[in-house]
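Engineer: Got a structure for you, written out below as structure tokens; questions coming shortly.
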Amino acid sequence: MTDEESITKAGVLTELDHEWSVLQAFIATLTDAQMTVPTDDAGWTVKDHLIHLVLWLYNIPAIIDGASRPEAMGISEEKFREGADAINAWLQPQYRDVPLADVLQRLNDTHARIRARLDQMTDEDLRRPYNHYQPSDPRTAPVVGWLLGNSAHHYSEHLPWMQAIAARLPS
């Protein structure tokens with residue numbers, strides 16, 4: 060069986076639920092100060108990482124609906140073409156002043172909407188090529204890679220960075 064044939068909605072949802080629960084368990088251990096005061100060497104707080112996750116989650120419905128990913132994230136097409144590092148460097152100061160409670164609410168609400176959206180998809184939907192959903196893009200790998208990359212995999216990617224930041228201000 061190929062990797063593509065092994066993609067199932069059940070497996071995707073299990074992975075998403077697991078990574079979400081790990082992220083939520085970590086957040087539950089933090090004080091507000093741990094989320095908003097210490098920074099990494101790039102100047103990011105835990106809160107900055109969390110709003111970053113929200114903004115990249117906005118890609119999921121845009122991808123599925125064949126809509127503009129830059130528009131979903133609130134950035135220009137030009138900035139989007141510069142790549143993830145440029146996007147992130149531009150977004151972080153734009154959202155720095157969003158209150159922590161709002162960031163946490165957006166994270167929870169957006170994750171719930173994404174979870175529900177993925178639950179509506181079929182195994183076949185997840186196996187479809189990226190360009191089935193984004194016809195102007197030549198990429199043909201299964202769309203599930205982008206869906207998980209902007210959600211479950213993104214949560215686990217940022218977790219060690221957030222843990223290191225929070226450790227700079229013991230509770």
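Counted the way the numbering used here counts, the sequence shown spans residues 60 to 230.
For every residue, glycine included, the Cβ atom is placed at its ideal position computed from N, Cα and C.
Quick caveat: nothing in here was measured; it's all calculated off a predicted structure.
#1: Quick one: is His77 buried, meaning 16 or more other Cβ sit within 10 Å of its Cβ, or exposed?
#2: What does the alpha-carbon distance come out to for the pair Thr199 and Tyr192?
#3: Going by alpha carbons, who is nearest to Gln151 out of Leu185, Arg187, Trp79 and Thr98?
#4: Tell me the rounded alpha-carbon separation between Thr90 and Asn190.
#5: Is Leu72 helix, strand or coil by DSSP?
#6: Mapping DSSP to helix, strand and coil, what is Pro120?
#7: Could you check whether the segment 153–169 touches the segment 195–214, counting it as contact only if at least three pairs of C-beta atoms, one from each stretch, sit closer than 8 Å?
#8: Distance check for Met180 and Met60, CA to CA, integer angstroms please.
#9: Locate the alpha helix (DSSP H) running through Ser215, then write down its first and last residues.
#10: Tell whether a beta-carbon distance below 8 Å holds between Ser195 and Gln93.
#11: Would you kindly work out how many angstroms separate the C-alpha atoms of Lys68 and Ile86, rounded to a whole number?
#12: By the 10 Å Cβ neighbour count, where 16 or more other Cβ atoms means buried, how is Ser210 classified, buried or exposed?
#13: Quick one: using the 10 Å Cβ neighbour count with 16 as the cut-off for buried, is Asp107 buried or exposed?
#14: Within 10 angstroms of the Cβ of Arg59, are there 16 or more other Cβ atoms? Answer buried if so, exposed if not.
#15: Count the other CB atoms, across all protein chains shown, that sit within 10 Å of the CB of Ala225; report buried if there are 16 or more and exposed otherwise.
#16: Which whole-angstrom value is the C-beta distance of Ile123 and Ile134, which I expect to be below 8 Å?
#17: Rounded to whole angstroms, what is the Cα-Cα separation between Ala171 and Leu75?
#18: By the three-class DSSP mapping on this structure, what secondary structure does Pro197 have?
Structural biologist: Well, looking at it:
#1: exposed
#2: 10 Å
#3: Thr98
#4: 43 Å
#5: helix
#6: helix
#7: no
#8: A caution first: Met60 carries a pLDDT of 33, below 50, which makes its placement in the model unreliable, though a value can still be read off. Taking the straight line joining both Cα atoms gives about 21 Å.
#9: Unbroken alpha helix (DSSP H) run through Ser215: Ala211 to Ala225.
#10: Going by beta carbons, Ser195 and Gln93 fall outside the 8 Å limit.
#11: In this structure, the alpha-carbon of Lys68 lies about 27 Å from that of Ile86.
#12: buried
#13: buried
#14: The requested residue 59 is not part of the displayed model; the chain covers only 60 to 230.
#15: buried
#16: That belief does not hold up - the Cβ atoms of Ile123 and Ile134 are roughly 19 Å apart, past 8 Å.
#17: 11 Å
#18: coil
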